[in-house]
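These notes are about the structure you will find just below.
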Amino acid sequence: MKTIRMALISVLGASLLAAQVTYERILDADKEPGNWLTYSRSYDSQHYSPLDQIDKSNVNDLELKWVFQADETTKFQSTPLVVDGVIYVTHSPNDIAAMDAATGRVFWRYRHTIPEGISVCCGLVNRGLAILGDSLFMATIDGRLMSFDAKTGSIRWDVKVVDNKDGYALTVSPLVVKDKVVIGTAGGEYGIRGFVDAYDAKTGKHAWRFWTIPGPGEPYHETWEGDSWKRGGGSVWVTGSYDPELNLMYWGTGNPAPDWNADVRPGDNLYTDSVIALDADTGELEWHFQFTPHDWWDWDSVQIPVLVDMEFEGKQRKVILWGNRNAFFYVLDRATGEFLLGKPFAYQTWAVGLDESGRPIVRDGMQPTPEGTKVYPSVQGATNWYAPTYHPRTKLFYLSVWDRYPSIYHKGDATYVRGTRYPGSFPEGIYPDIVKDEEIGFGAIRAIEPVTGERKWEFRLTGVSESGLLSTAGDLIFSGSKEGHFLAVDVDEGKLQWRISLGSRMANSPITYLADGKQLISVASGFGLFTFGLRE
Amino acid sequence: MRSVLTALLAFGLALLLPAQEGDVENPYTSAEDIAAGSRIFRSHCAVCHAIDGSGGRGSDLTSGEFRHGSSTEAIYENIGEGIPGTEMPATFFRGKQLWQLAAYVRSLSEAPQSVADLGVASRGQSLFEGKGGCRNCHQVNGEGARSGPELTYIGGQRSAADLRASLLRPNERVLPKDYTVSAVTKSGQKISGRRLNEDSFSIQLIDTNENLVSLSKQDVSDFSIDKTSSMPAMGEMFSEPEMEDLLAYLVTLQRKGNLQ
Chain A
0 MKTIRMALIS VLGASLLAAQ VTYERILDAD KEPGNWLTYS RSYDSQHYSP
50 LDQIDKSNVN DLELKWVFQA DETTKFQSTP LVVDGVIYVT HSPNDIAAMD
100 AATGRVFWRY RHTIPEGISV CCGLVNRGLA ILGDSLFMAT IDGRLMSFDA
150 KTGSIRWDVK VVDNKDGYAL TVSPLVVKDK VVIGTAGGEY GIRGFVDAYD
200 AKTGKHAWRF WTIPGPGEPY HETWEGDSWK RGGGSVWVTG SYDPELNLMY
250 WGTGNPAPDW NADVRPGDNL YTDSVIALDA DTGELEWHFQ FTPHDWWDWD
300 SVQIPVLVDM EFEGKQRKVI LWGNRNAFFY VLDRATGEFL LGKPFAYQTW
350 AVGLDESGRP IVRDGMQPTP EGTKVYPSVQ GATNWYAPTY HPRTKLFYLS
400 VWDRYPSIYH KGDATYVRGT RYPGSFPEGI YPDIVKDEEI GFGAIRAIEP
450 VTGERKWEFR LTGVSESGLL STAGDLIFSG SKEGHFLAVD VDEGKLQWRI
500 SLGSRMANSP ITYLADGKQL ISVASGFGLF TFGLRE
Chain B
0 MRSVLTALLA FGLALLLPAQ EGDVENPYTS AEDIAAGSRI FRSHCAVCHA
50 IDGSGGRGSD LTSGEFRHGS STEAIYENIG EGIPGTEMPA TFFRGKQLWQ
100 LAAYVRSLSE APQSVADLGV ASRGQSLFEG KGGCRNCHQV NGEGARSGPE
150 LTYIGGQRSA ADLRASLLRP NERVLPKDYT VSAVTKSGQK ISGRRLNEDS
200 FSIQLIDTNE NLVSLSKQDV SDFSIDKTSS MPAMGEMFSE PEMEDLLAYL
250 VTLQRKGNLQ
């Protein structure tokens, strides 16, 4: 055992090239399923792994292999990378640990000091790293983009992207495409003007910026009134996807600001709550599709775009599958942005339906009022930013759902003060312990057939889940719950196959990879990263 | 966990911090601030503290007594961070709006208030321990049964009006933690009790014999949750003066001293 590991390491060490993560390697991620080289493993973001050592027949032999405890108590939202036996993970505020993937023992750590007085909406979270060559990239909560030597953790470059005093913060896991590192910004509750930004991976030099809120003279600037565009929100805080044939990147954009008082921003408020398709070399907009025009409820479309090639109405299509926070499931043509299908996947009261262009027909009386308006889904949405998955054999799309949760949406004062919250009041959650039980919803993993939008099965949870889904060639889906259960269900029927209580919520998406040739699965629960493998 | 107070310092309000800790001055106390605070209170706090702050499911905020700290700083912290171990939740608010809320909460007890004319607590205690039979289901200071929720601190947690409603119309508001679970195990054993916790696969309860029981959902055949109260309505049992005495006693059931 030991000798094999030694041999493996020296082989890798001998060939320096093998240790380099080239763009081609990320492009061909399926050729090396033992690694996890980018946020969603592959550019199509299916969050599916071709690994099949763990399947229904042996999933009950899973045992805990190691735990990494982040010595920090903020939500663990990071998805690790795995590169040739080394696992890299970030945790709050912007620390990095590089570990042996087989044992969880640390090679090196980077500790980031953030300045006093950083102000963010939702905790000092980070969602992970990107890698190119032997450089890691991390965007920081204090507005920097940094490059690190993957062997030592020493800083290669460090550039300032934004100023937190303007309400910006960076939480996204970067996307590497070709020679560029691409990121977006958080801050949609602080009246920022959102963007997607690209930097040269070698030098950190700024390459291009796409503003998610068009300025004067740009197309769709007229979807804003007066100065409202300057603080219109449209943050981008979850990693996009990439189609190398079309050379287009797809990113989901966040809510317009202020969140719950839309009176100050008449119009559709493009490109908030949209998917934008950008030329990967220039950042120019190819097309856009807006899910929730003139949003009143804070339904960021910051979901991971899942790219699938499939037959739709007799025609082979390149599509994007999208389970949106607004409770609708969408199929879009990803070459053109054409709307192909849209159907609710959870209970919702805000829209009568979608018209033939995919635009919602909003029901009367659903806008927030000073007294409060009850609307489904809740402010957390019918799903959120955590990974959905697509399984190539079943051809089904799976996602974590919060069903039958309403919020009481209040409209309030919307005075902008630089660097402070600009929400236009706050919605009231329906807390399970305040309201009678019939009001209270539940969580579920749901399987949706993309060609029809029909639900194939669901696996119900008593509470909800903030965990993404991982599907594998072993025909399993791994996910977690807020109750602290890490569990596996089968892809065909959604029947429970295995579970273990890890004692705290899972707020990232599980990943799988090989260490010493054996399939492992890692998931964060509470403040630790838990790794499971088959009993030997 | 960064406390709101550090956040507060970060807001540049450090200058407002006089030498003596615990004496932070609220920078937002104008009439408009209080009005703004009252609007937020109405939408976010009134569910528990009632529209006028007189309490309900949450404590009475009009009495001028703040058991979790009456300094401006403590009120600010309690609203921002919630009060651990109690039902008082943390809120989303920071900075200005949190100050405005604190100013409004403070203003509630500065206004003249009518002292509710409740009965005599000692007589109420006799009713509680005697004819009311309350200890058959409730514990107070370690005495009594546990099939109903413990009432040792109930006077600090609810207003008198809410307590009265609980006694007269128990089904009106049963908290999920007090639901009754009934189950039949595969071996035919009947189990019933107060639900303490539940997840997707199991349920925890205290049964009628005061055993702590954890059931796997797949091991029970018949399983149901009753959301009504097993407490009898008390309207018939007590005369109005007796009810007042009982309430007077329940209101005395509070944590003693300042818990800050």
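Residue numbers (numbering that gives the first Met the number 0), protein chains in the order written: chain A, 0 to 535; chain B, 0 to 259. Glycine is no exception: its CB is placed at the ideal position from the N, C-alpha and C atoms.
Taking 7 angstroms as the threshold (C-beta atoms), are residue j and residue i in contact?
i          : j          : result
Ser-503(A) : Gly-467(A) : no
Phe-529(A) : Val-66(A)  : yes
Pro-213(A) : His-220(A) : yes
Val-237(A) : Ile-191(A) : no
Tyr-270(A) : Ser-172(A) : no
Val-81(A)  : Asn-34(A)  : yes
Asp-221(B) : Val-173(B) : no
Pro-255(A) : Gly-232(A) : yes
Gly-192(B) : Leu-204(B) : yes
Asp-332(A) : Arg-358(A) : no
Leu-501(A) : Ser-521(A) : no
Val-119(B) : Asp-225(B) : no
Gly-532(A) : Leu-519(A) : yes
Thr-461(A) : Glu-209(B) : no
Ala-538(A) : Ile-140(A) : Because chain A spans 0 through 535 in this model, residue 538(A) falls outside it and cannot be assessed.
Gly-234(B) : Ser-158(B) : no
Would you call residue i buried or exposed, if buried means 16 or more other Cβ atoms sit within 10 Å of its Cβ?
i          : result
Asn-125(A) : buried
Thr-112(A) : exposed
Ser-215(B) : exposed
Met-242(B) : buried
Arg-264(A) : buried
Asp-363(A) : exposed
Thr-372(A) : buried
Gly-21(B)  : Because the pLDDT of Gly-21(B) is 42, which lies under 50, any placement of that residue in the model is unreliable, and the number read from its coordinates should be weighed accordingly. Exposed: under 16 other Cβ atoms inside 10 Å.
Gly-141(B) : exposed
Asp-436(A) : A caution first: Asp-436(A) carries a pLDDT of 46, below 50, which makes its placement in the model unreliable, though a value can still be read off. It counts as exposed.
Tyr-430(A) : Confidence is the limiting factor: at Tyr-430(A) the pLDDT is only 47, short of 50, which leaves the residue's position unreliable, though a coordinate-based value still follows. Answer is exposed; the Cβ neighbour count stays below 16.
Ala-13(B)  : The predicted position of Ala-13(B) is uncertain, since its pLDDT is 31 and thus under 50; a value taken from the coordinates is nonetheless stated next. Burial call: exposed.
Leu-247(A) : buried
Arg-324(A) : buried
Ser-53(B)  : buried
Gln-68(A)  : exposed
Ala-232(B) : exposed
Pull the bridge partners of residue i from the DSSP assignment, please.
i          : result
Arg-136(A) : Reading the sequence as shown, one finds Phe at residue 136(A) and not Arg. Note: Phe-136(A) sits in a beta bridge opposite Ala-129(A) and Ser-146(A).
Leu-469(A) : Phe-477(A)
Arg-108(A) : Ala-96(A)
Tyr-198(A) : Val-180(A) and His-205(A)
Asn-315(A) : Here residue 315(A) is Gln; the residue named in the question, Asn, does not match the sequence. According to DSSP, which records beta bridges pairwise, Gln-315(A) is partnered with Glu-310(A).
Asp-278(A) : Leu-247(A)
Gly-527(A) : Gln-68(A) and Ser-524(A)
Arg-454(A) : Ile-447(A)
Tyr-329(A) : Trp-321(A) and Gly-341(A)
Pro-32(A)  : Partner(s): none; Pro-32(A) has no beta bridge.
Thr-21(A)  : Answer is none; Thr-21(A) lacks a bridge partner.
Out of the options, which has the shortest C-alpha to C-alpha gap to residue i?
i          : options                                           : result
Pro-257(A) : Asp-29(A), Asp-299(A), Leu-61(A) and Glu-492(A)   : Asp-299(A)
Arg-110(A) : Asp-70(A), Ala-101(A), Arg-104(A) and Leu-80(A)   : Asp-70(A)
Gln-19(A)  : Tyr-42(A), Leu-277(A), Leu-135(A) and Gly-473(A)  : Leu-135(A)
Gly-152(A) : Phe-106(A), Ser-406(A), Trp-207(A) and Gln-379(A) : Phe-106(A)
Leu-97(B)  : Gly-36(B), Arg-145(B) and Leu-150(B)              : Gly-36(B)
Asp-165(A) : Ile-182(A), Tyr-189(A) and Met-145(A)             : Tyr-189(A)
Glu-457(A) : Leu-513(A), Gly-193(A) and Phe-396(A)             : Phe-396(A)
Ala-160(B) : Ala-102(B), Ala-34(B) and Leu-249(B)              : Leu-249(B)
Ser-228(B) : Leu-166(B), Glu-235(B) and Glu-109(B)             : Leu-166(B)
Glu-448(A) : Leu-128(A), Lys-342(A) and Lys-159(A)             : Lys-342(A)
Phe-92(B)  : Arg-420(A), Leu-169(A), Tyr-346(A) and Ser-470(A) : Arg-420(A)
Leu-144(A) : Ser-44(A), Thr-414(A) and Gly-183(A)              : Gly-183(A)
Pro-292(A) : Phe-526(A), Leu-61(A) and Ala-350(A)              : Ala-350(A)
Asp-133(A) : Val-176(A), Lys-201(A) and Trp-286(A)             : Lys-201(A)
Arg-459(A) : Gly-251(A), Arg-230(A), Thr-78(A) and Leu-398(A)  : Leu-398(A)
Pro-367(A) : Asn-383(A), Tyr-346(A) and Gly-411(A)             : Gly-411(A)
Gln-253(B) : Ser-125(B), Ser-201(B), Phe-65(B) and Arg-168(B)  : Phe-65(B)
Segments of 3+ residues assigned as beta strand (DSSP E) that fall wholly inside the region 177 to 226 of chain B: 179 to 184, 189 to 197, 201 to 206, 211 to 215 and 219 to 225
Whole runs of the beta strand (DSSP E) within the region 200 to 273 of chain A, excluding any shorter than 3 residues: Segments of the beta strand (DSSP E) lying fully in the region 200 to 273 of chain A: 205 to 210, 240 to 242 and 247 to 251.
Residue ranges of each alpha helix (DSSP H) within the region 74 to 150 of chain B, 4 or longer: List check, alpha helix (DSSP H) in window: 95 to 109 and 120 to 128.
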